[in-house]
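Encoded as structure tokens, the structure appears first; notes follow it.
Residue numbers (mature numbering (1 follows the signal peptide of the UniProt record, and there is no 0)): -23 to -1, 1 to 210.
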């Protein structure tokens, strides 16, 4: 990717997580994944007006430890359903591009890869160097979409290069943001942490309400479903 295109990409990414949300209902919808029997509180992003498809381009879901509404959780099980198997989609767990942990997923040769990114400025986010880890539980790739379920350990608090933050689950809500693109990443076939994102096609932010549907007594059992990942690193 040339400098001009990279600069354009960074500018677009900067807009991505600072733009207004689409009309997003803060109350999640319960969804139980058939392959794992994990129940999530989910939020589906409305299709853009320019899209030929009326299907949601991205659905994000989470489930938290049973006491997460009383004491801030440090990890979550996340669900991502993305409409394009050729591109990428990502979630900011702090509601902005900067100073928040970013979880990004994309497909390489029918394998869903994951990378945690972080940036303190409006620049291409680098690989996160903190303690957080992503472990896959289940993924599925079809002709028109991909789905991935992961255990994101230590993902609800973050620190890098003197910048730190956290998501407060005990407050009953989380600031979230998303970005997605149907264009292929640069370097997708290599290490996921070294892949470079290209121009997004949709983005936004929203406040997600956390209620009893977002926590589960079975959380630790579900974490036990994690398996070894293949991020090409």
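Think of the CB as a built atom: it goes at the ideal place given N, C-alpha and C, for glycine as much as any other residue. Just so it is clear, the structure is predicted and the values come from calculations on it, not from any experiment.
Beta-carbon spacing of residue i, residue j below 9 Å
i	j	result
residue 75	residue 92	no
residue 211	residue 22	A query on residue 211 cannot be resolved here, the shown segment of the chain reaching from -23 to 210 and no further.
residue 105	residue 135	yes
residue 140	residue 60	no
residue 67	residue 157	yes
residue 107	residue 78	yes
residue 51	residue 133	yes
residue 256	residue 57	With the chain covering -23 to 210 only, the question about residue 256 has no answer from this structure.
residue 193	residue 90	no
Straight-line Cα distance separating residue j from residue i
i	j	result
residue 35	residue 138	31 Å
residue 191	residue 55	11 Å
residue 39	residue 53	7 Å
residue -1	residue 115	Because the pLDDT of residue -1 is 43, which lies under 50, any placement of that residue in the model is unreliable, and the number read from its coordinates should be weighed accordingly. Distance between the alpha carbons of residue -1 and residue 115 is about 30 Å.
residue 112	residue 131	12 Å
residue 103	residue 15	31 Å
residue 149	residue 126	22 Å
residue 62	residue 6	24 Å
residue 196	residue 98	35 Å
residue 204	residue 198	13 Å
residue 208	residue 119	19 Å
Exposure of residue i, with buried meaning 16 or more beta-carbon neighbours within 10 Å
i	result
residue 184	exposed
residue 201	exposed
residue 69	buried
residue 188	exposed
residue 11	exposed
residue 94	buried
residue 86	exposed
Local conformation of residue i per DSSP, three classes
i	result
residue 198	helix
residue 21	strand
residue 158	strand
residue 73	coil
residue 146	helix
residue 169	helix
residue 190	helix
Is the stretch 162 to 170 touching the stretch 133 to 146 in the sense that three or more CB pairs, one from each, lie closer than 8 Å? no
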